[in-house]
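Novice: Supplied in structure tokens, the structure appears directly below.
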Amino acid sequence: MEKNVTAAGNSGHDAHGHRHGHAHGHGGAHGHGHGRESAAGEGAADDFDWAAMADLLELEGETHSPYVRQALAELEHLDPRRVLDVGSGPGVAACRTASVFPRAEVTAVDGSPELLARARERAERLGVRLRTEVAGFPEGLTGLGPADLVWSAQTVHHVGDQQDALDRLAGLLAPGGVLAVVEGGLPARMLPRDPGFGRPGLQERLDAAMADRFDRMRTELPGSVAVVEDWPGMLRAAGLTEVRSRTFLVDLPAPLAEGPRRWVRQWTERQRAVLGEALDAGDAATLDRLLDPADPAGIDRRPDLFLLVAKTVHFGRRPGS
2 MEKNVTAAGN
12 SGHDAHGHRH
22 GHAHGHGGAH
32 GHGHGRESAA
42 GEGAADDFDW
52 AAMADLLELE
62 GETHSPYVRQ
72 ALAELEHLDP
82 RRVLDVGSGP
92 GVAACRTASV
102 FPRAEVTAVD
112 GSPELLARAR
122 ERAERLGVRL
132 RTEVAGFPEG
142 LTGLGPADLV
152 WSAQTVHHVG
162 DQQDALDRLA
172 GLLAPGGVLA
182 VVEGGLPARM
192 LPRDPGFGRP
202 GLQERLDAAM
212 ADRFDRMRTE
222 LPGSVAVVED
232 WPGMLRAAGL
242 TEVRSRTFLV
252 DLPAPLAEGP
262 RRWVRQWTER
272 QRAVLGEALD
282 AGDAATLDRL
292 LDPADPAGID
302 RRPDLFLLVA
312 KTVHFGRRPG
322 S
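Here the sequence shown is numbered in our numbering, starting from 2 and rising by one per residue.
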């Protein structure tokens with residue numbers, strides 16, 4: 002185990018041979034093209050650009066941070082002693098959690114030492130206490146508990162057996178502890194239905210193509226198990242009670258600020274790259290024009306660019322005191 006702590010200490014865990022380098026994507030927050038999925042597949046390559054991946058994930062985390070703030074507000078009545086962010090990436094949500102619960106020992110858990118290094122840098126910069134632990138998901142979770150709060154955002158769907166992953170996350174909880182899992186929600190919107198060129202309805206067609214890609218990804222995962230993705234039902238099957246779901250909006254109206262605008266560009270570039278031949282010629286041309294930095298109607302310059310994302314968080318409590 003390789004441990005590390007920031008601003009107050011450092012802790013770590015061996016990667017268990019599994020570099021869980023997630024990168025987000027579908028529906029605008031988690032490109033199933035994929036940041037995290039790609040990193041997981043490419044992490045073993047010596048030339049993989051982890052710095053670029055960390056930049057992408059950190060920008061995504063910052064852009065979508067409003068929903069994290071809203072979700073944590075639902076938990077402010079808690080007084081946790083130990084908190085785990087499983088699949089933390091570069092630690093944006095983990096650092097926010099550390100600021101909300103300053104008395105807690107908050108640990109960012111991820112399979113990528115490079116992303117956890119970025120999490121420690123972020124914690125130092127923000128002046129919050131954060132521990133880090135390298136651990137593959139879900140096999141490397143054994144021994145990380147007990148925790149009073151476990152947060153895991155858009156990580157479970159990257160493994161073949163999602164119920165088993167939830168069972169393992171629930172197993173990290175102390176009696177009375179709370180699990181918060183971010184899965185589902187709605188795809189991002191950032192353009193008018195008719196952007197002024199190309200065929201209207203581009204985003205809906207991209208959503209459909211990305212959903213097909215996501216379905217193939219799920220089918221091809223090792224040990225893939227088909228399951229009805231009833232997340233509240235799956236939390237109950239993991240032995241949790243007081244299960245509930247809340248959906249939070251990331252609502253950034255036009256004109257979009259520079260940071261979120263950069264994320265929209267990166268997300269659109271990702272869609273263009275991963276969908277490739279799945280796009281018809283007209284939609285490919287529309288994306289190319291949107292990505293042209295010199296075009297006044299492109300993402301970098303158009304004044305009507307916005308961002309609207311719905312993120313669903315599923316909460317459950319382990320029975321006990």
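In this text, a Cβ means the ideal position worked out from N, Cα and C, and glycines have one as well.
On a predicted model such as this, the values are computed, not experimentally measured, just so you know.
For ARG83, which residues does DSSP report across the bridge?
Specialist: GLU106
Novice: Counting Cβ pairs closer than 8 angstroms, one from the segment 104 to 118 and one from the segment 69 to 83, do we hit at least three?
Specialist: A contact exists between the segment 104 to 118 and the segment 69 to 83.
Novice: Jot down the residue ranges of each uninterrupted alpha helix (DSSP H) in the segment 186 to 245, minimum 4 residues, whole runs only, in chain order.
Specialist: 203 to 221 and 232 to 238
Novice: For a quick check, are the C-beta atoms of LEU291 and ILE300 less than 7 angstroms apart?
Specialist: yes
Novice: Per DSSP, LEU150 is paired with what?
Specialist: LEU150 pairs with VAL84 and VAL179.
Novice: Could you check the C-alpha separation between ALA72 and VAL314 for me, to the nearest Å?
Specialist: 7 angstroms
Novice: Quick check: VAL69 and ALA94, are their CB atoms within less than 7 angstroms of each other?
Specialist: yes
Novice: Report the partner residues of PHE316 according to the DSSP bridge assignment.
Specialist: PHE316 is bridged by DSSP to ALA181 and ARG245.
Novice: Going by the DSSP bridge assignment, what does LEU250 pair with across the sheet?
Specialist: ALA311
Novice: According to DSSP, simplified to helix, strand and coil, what is SER322?
Specialist: DSSP places SER322 in coil when its eight states are reduced to three.
Novice: Quick one: grab the DSSP three-state call for ASP1.
Specialist: Nothing in the structure corresponds to residue 1, since the chain is present only between 2 and 322.
Novice: Taking the CB atoms as reference points, tell me whether PRO254 and VAL244 lie closer together than 7 angstroms.
Specialist: For the pair PRO254 and VAL244, the CB atoms are not nearer than the 7 angstroms cut-off.
Novice: Comparing alpha-carbon positions, which option in ASP195, ARG132, ASP296 and SER246 lies nearest LEU182?
Specialist: Leu is not the amino acid found at residue 182; the sequence shown has Val there. Nearest to VAL182 by alpha-carbon distance, out of ASP195, ARG132, ASP296 and SER246, is SER246.
Novice: Give every residue of the same chain whose Cβ lies closer than 8 angstroms to the Cβ of ALA52, excluding the five residues on either side of it in the sequence, and list them in chain order.
Specialist: Cβ within range, chain order: GLU115.
Novice: Return the first residue and the last residue of the alpha helix (DSSP H) that LEU259 is part of.
Specialist: Rather than Leu, the amino acid found at residue 259 in this sequence is Glu. Start and end: 259 to 276.
Novice: Taking DSSP's pairing of strands, which residues face ASP111 in a bridge?
Specialist: VAL135
Novice: Are the Cβ atoms of PRO261 and THR64 separated by less than 7 angstroms?
Specialist: Yes.
Novice: Taking all protein chains shown into account, decide if ALA154 is buried (16 or more other Cβ within 10 angstroms of its Cβ) or exposed.
Specialist: The C-beta of ALA154 has 16 or more other C-beta atoms within 10 Å across all chains shown, which makes the residue buried.
Novice: Identify the continuous alpha helix (DSSP H) that holds ARG70 and give its terminal residues.
Specialist: 66 to 74
Novice: Tell me, which residues are paired with LEU174 by DSSP?
Specialist: LEU174 pairs with ALA148.
Novice: Taking Cβ to Cβ, would you say VAL157 is nearer than 7 angstroms to ALA171?
Specialist: no
Novice: Does the distance from the C-beta atom of LEU57 to that of GLY90 stay below 7 angstroms?
Specialist: no
Novice: Can you give me the C-alpha to C-alpha distance between ALA45 and ASP284, rounded to a whole angstrom?
Specialist: A caution first: ALA45 carries a pLDDT of 40, below 50, which makes its placement in the model too unreliable to give a value.
Novice: For the structure I just gave you, are there three or more beta carbon pairs, one from the segment 187 to 196 and one from the segment 272 to 282, closer than 8 angstroms?
Specialist: no
Novice: Taking the alpha carbon of ARG206 as the point to measure from, which residue in MET235, ALA148, ALA282 and THR248 has its own alpha carbon closest?
Specialist: ALA282
Novice: For my contact list, THR143 and LEU203 are in at a C-beta cut-off of 8 angstroms; report their separation, rounded to the angstrom.
Specialist: So it is not a contact: roughly 45 angstroms between Cβ atoms.
Novice: Find out if the Cβ-Cβ distance for the pair PRO139, ARG169 is shorter than 7 angstroms.
Specialist: yes
Novice: Name the two residues that bound the continuous alpha helix (DSSP H) containing SER100.
Specialist: Taken as a continuous stretch (DSSP letters only), the alpha helix (DSSP H) holding SER100 covers 93 to 101.
Novice: Measure the beta-carbon distance from GLY146 to LEU241 and round it to whole angstroms, keeping in mind my assumption that it falls under 8 angstroms.
Specialist: No, GLY146 and LEU241 are not in contact; Cβ-Cβ is about 14 angstroms, not under 8 angstroms.
Novice: In three-state terms, what does DSSP make of ARG303?
Specialist: Coil at ARG303, not helix or strand.
Novice: Keeping to the same chain, check which residues put their C-beta closer than 6 angstroms to that of ALA55; ignore five residues upstream and five downstream.
Specialist: So the list reads PRO91, LEU116 and ARG119, once near-sequence residues are dropped.
Novice: DSSP on ASP124, reduced to helix/strand/coil?
Specialist: It is Ala, not Asp, that sits at residue 124 in the sequence shown. Looking at ALA124 - three-state DSSP - the assignment turns out to be helix.
Novice: If the criterion is Cβ atoms closer than 7 angstroms, does the pair CYS96 and VAL129 meet it?
Specialist: yes
Novice: Out of ALA311, GLY137 and THR98, which one is the CA nearest neighbour of PHE249?
Specialist: ALA311
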